[in-house]
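Colleague: Letter 5 of the sequence shown, counting from 1, is numbered 455 in the working numbering, and no numbers are missing.
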Amino acid sequence: ALIRHMLANSTRRGDMVLDPFAGSGSTLVGCELLGRRAALIEFEPRFCDVIVRRWLALEPRHDAQRVRG
Numbered sequence: 451a452l453i454r455h456m457l458a459n460s461t462r463r464g465d466m467v468l469d470p471f472a473g474s475g476s477t478l479v480g481c482e483l484l485g486r487r488a489a490l491i492e493f494e495p496r497f498c499d500v501i502v503r504r505w506l507a508l509e510p511r512h513d514a515q516r517v518r519g
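#1: What does the Cβ neighbour count give for Arg503, buried or exposed, with the cut at 16 atoms within 10 Å?
#2: Grab the span of the beta strand (DSSP E) containing Thr454 for me, first residue to last.
#3: What residue from Val467, Gly473, Arg511, Ser460 has the CA that sits closest to Arg486's CA?
#4: Per DSSP, which residues does Val467 bridge with? Please list them.
#5: Using CA atoms only, rank isn't needed, just tell me which of Asp469, Leu457, Gly464, Ser474 is closest to Phe497.
Take a look at the structure:
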């Protein structure tokens with residue numbers, strides 16, 4: 451709820467939000483619920499898996515892509 455509140459007060463619908471330390475994907479979930487686009491960066495593969503699972507649970511129609519590099 452806190453991240454959603456911050457996103458709602460600092461961005462507009464359709465804006466792109468960058469989260470360079472994505473963690474469990476809370477920013478992505480907030481963006482999805484508020485109509486923002488999100489780009490996430492996460493170093494730890496186990497957290498990447500958590501992010502993908504959370505996003506697909508929220509919006510199963512989405513295709514999640516994990517990029518390694």
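Glycine included, each C-beta is placed from N, C-alpha and C at the ideal position. No experiment lies behind these values; they were computed from the predicted model shown.
Modeller: So, to answer that:
#1: exposed
#2: Before going further, note that residue 454 is Arg rather than Thr in the sequence given. Run containing Arg454: none in the beta strand (DSSP E); it sits in the alpha helix (DSSP H), 452-460.
#3: Val467
#4: Ala488
#5: Ser474
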